[in-house]
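Residue numbers (UniProt numbering): 5 to 357.
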Amino acid sequence: RTLRIGLIPGDGIGREVIPAGRRILESLPASLNLKFSFVDLEAGYDTFQKTGTALPDKTVDILKKECDGALFGAVSTKVAGYSSPIVALRKKLDLYANVRPVKTTAGNSNGKPIDLVIVRENTEDLYVKEERTIDTPNGKVAEAIKRISENASYRISKIAGEIALSRQSIRDAAPGTATRSQPMVTITHKSNVLSQTDGLFRETARRALAAEKFSSVFVEEQIVDSMVYKLFRQPEFYDVIVAPNLYGDILSDGAAALVGSLGLVPSANVGDNFAIGEPCHGSAPDIEGMGISNPIATIRSVALMLEFLGEMNAAAKIYAAVDGNLDAAQFLTPDMGGKATTQQVLEDVLKRL
Ligand code: NAI
Ligand code: MG
């Protein structure tokens, strides 16, 4: 099988880490029977300065017409009125799920192993941005619409269930390292207060996850405030957490803090027919050009993208190589307390691959 991958490095250290992601794809073991072709695509602040748009139509067209998946680095946001290309891409390609795994390894944990993933609905909730400000005799009042639909709640819950099953299959492929025996999905909401909006999300998620194909998945739920408390007290308990847009946004940044460096945390923007892998960090102008950016968030994003393209074995091999690098702790970038360069970390992961 040959997969065509769009490469969108963007700005700053995006240009240092995306080439590392490409090298990983090019270096997968031949036994996997996977080949890749690449197309370089533009987006970001520098593109905006050159062309007047942060996301050229050509980039979107090629992704839609030619590509199976893509890797997105990071973009800088420096001026008002500039709109983020990744937000536009999510809309144009209908990438309705934002998936962020947060994981420790034996060598990189303060005790209990964390291995969870937050699945955030990406298209609605308060982020429909229908706000208004009204002048009243008693001063201004601002209000915003929180929109929750049955369809969006259903598809995000279904993909959360599928991710839970896929994570179990990756655990099954690497026995001995598995930290749990049954997949679990935690539905997060505030339906005790918002009985209609979050109530619809909760009910729909319950219904989606009651499907026969998810019979092996343990389904539970948490009110979002208690979710935050438990996530920080007992992160090792969680597997897949599914949430509406706003709660998911907050939970996923909070969860990233549990594992130390931003340079470790991957994400994927996922739709029914496309996946974009994207490190969670930004363009890191403070270390740009120094050759010391941590490539691991991107390498893990490569694996995550492959999972959504159905290549579980390839993903498992990449995760294992990264864990090996972190556990050995011989080649770590400065954000991890080490002295290695981007290139040295990449070479070490490639050797393990
Ligand atoms: P940032 O994530 O770029 O950097 C935060 C801190 O983490 C910096 O000290 C940086 O050196 C460090 N860091 C980040 N990634 C690293 C890596 N791979 N290896 C080692 N250290 C790493 O966030 P910041 O500084 O708030 O934003 C910088 C620019 O990036 C801004 O223009 C911002 O708008 C943009 N940004 C873009 C994002 C995206 O494209 N998705 C996400 C977050 C910020
Ligand atoms: Mg956020």
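Built from N, CA and C at the ideal position, the CB exists for glycine as well.
Between the beta-carbon of VAL91 and the beta-carbon of THR302, is there less than 8 Å? For VAL91 and THR302, no; Cβs fall outside 8 Å.
Nearer than 7 Å: is that true of the beta carbon of PRO23 relative to any heavy atom of the ligand NAI? Because no heavy atom of the ligand NAI lies under 7 Å away, the Cβ of PRO23 does not count as near it: no.
Helix, strand or coil, according to DSSP, for PRO13 in the structure here? Strand, per DSSP.
Going by CA-CA distance only, name the one from SER31, ALA146, GLN186, GLU128 that's closest to GLY165. Taking GLY165 as reference, the option from SER31, ALA146, GLN186, GLU128 with the minimal CA-CA separation is GLN186.
Quick one: grab the DSSP three-state call for ALA259. Helix, per DSSP.
Using DSSP with H/G/I as helix, E/B as strand and the rest coil, what is ARG184? Coil, per DSSP.
What does the alpha-carbon distance come out to for the pair ASP72 and LYS39? If you take the alpha carbons of ASP72 and LYS39, they lie about 12 Å apart.
Distance between beta carbons of ASN329 and VAL349, contact taken as under 8 Å: Right, their Cβ atoms sit about 7 Å apart.
Looking at the structure shown, is LEU235 part of a helix, part of a strand, or coil, going by DSSP? In the three-state reduction of the DSSP assignment, LEU235 falls in the helix class.
Spell out the partners DSSP gives GLU70 in its beta bridges. By DSSP's assignment, GLU70 forms no beta bridge with any residue.
Is DSSP giving LEU130 helix, strand or coil here? Here LEU130 sits in helix by DSSP.
Beta-bridge pairing of ILE296 - partner residues as DSSP gives them: For ILE296, which the question treats as bridged, DSSP gives no partner whatsoever.
Ignore the nearest five residues each way along the sequence and tell me which others in ARG94's own chain have a CB closer than 7 Å to its CB. Counting only Cβ-Cβ distances below 7 Å, and skipping sequence neighbours, we find ASN126, ASN273.
Using the Cα positions of ALA259 and SER31, report the straight-line distance between them to the nearest angstrom. Roughly 31 Å between the two C-alpha positions.
Restricting to Cα atoms, I'd like to know which of ILE296, ASP352, MET340 is closest to ILE322. Per the Cα distances, ASP352.
Compute the minimum distance between the beta carbon of HIS285 and the heavy atoms of the ligand NAI, and state whether it is under 7 Å. Taken from the Cβ of HIS285, at least one heavy atom of the ligand NAI lies inside 7 Å.
Is it the case that the segment 46-60 contacts the segment 248-264, given that we only count it when at least three CB pairs across the two stretches are under 8 Å? No contact exists between the segment 248-264 and the segment 46-60.
Going by beta carbon distance, what residues of the same chain come within less than 7 Å of ARG159, once the five residues before and after it are set aside? Cβ within range, chain order: TYR100.
Nearer than 7 Å: is that true of the beta carbon of ALA261 relative to any heavy atom of the ligand NAI? ALA261 Cβ: outside cutoff for every heavy atom of the ligand NAI.
Are the C-beta atoms of PHE278 and some chain B residue less than 8 Å apart? In the structure shown, chain B does not exist; there is a single protein chain.
Where PHE335 falls, given that 16 or more other Cβ within 10 Å makes a residue buried: PHE335 counts as buried, since no fewer than 16 other beta carbons sit within 10 angstroms of its beta carbon.
How far does the beta strand (DSSP E) with GLY341 in it extend, from its first residue to its last? Counting along the chain, GLY341 falls outside any beta strand (DSSP E), and DSSP gives it neither H nor E.
Quick check on DSSP: helix, strand or coil for THR81? Reduced to three states, the DSSP call for THR81 is coil.
What's the C-alpha gap between ALA47 and LEU29? Distance between the alpha carbons of ALA47 and LEU29 is about 21 Å.
Quick one, are the C-beta atoms of GLU154 and LEU204 less than 8 Å apart? For GLU154 and LEU204, yes; Cβs fall inside 8 Å.
Among the residues of its own chain, which have a CB less than 6 Å from the CB of VAL145, if the five just before and after it don't count? So the qualifying residues of the chain are ILE138.
For the alpha helix (DSSP H) that contains THR143, what are its first and last residues? A quick correction: the sequence has Gly, not Thr, at residue 143. Careful: GLY143 lies outside any alpha helix (DSSP H), inside the beta strand (DSSP E) at 143-148.
May I have the straight-line CA-CA distance separating SER287 from VAL228, to the nearest angstrom? Answer to the nearest angstrom: the Cα atoms are 30 Å apart.
Quick check: is any heavy atom of the ligand MN less than 7 Å from the C-beta of VAL349? Absence of the ligand MN is noted for the structure shown, with the ligand NAI and the ligand MG being the only ligands found.
Suppose you measure from the CA of ASP202 to the CA of LYS69; what does that come to, to the nearest Å? Approximately 37 Å between the Cα atoms of the pair.
The ligand NAI and GLY267: does any heavy atom of the ligand fall closer than 7 Å to the residue's C-beta? Yes; taking the cut-off as 7 Å, the Cβ of GLY267 has a heavy atom of the ligand NAI nearer than that.
Quick one: using the 10 Å Cβ neighbour count with 16 as the cut-off for buried, is ILE149 buried or exposed? So ILE149 ends up on the exposed side.
What did DSSP end up calling GLN334 once you bin it into helix, strand or coil? Collapsing the DSSP output to three states places GLN334 in coil.
Does DSSP put ASP352 in a helix, in a strand, or in coil? ASP352: helix per DSSP, three-state reduction.
How would you call residue 3, buried or exposed, if buried means at least 16 neighbouring beta carbons within 10 angstroms? The structure shown does not extend to residue 3, since the chain is modelled only from 5 through 357, so no value can be given for it.
Candidates GLY295, THR208, ALA178, ILE167: which alpha carbon is nearest VAL189's? It is ILE167 whose Cα lies nearest to the Cα of VAL189.
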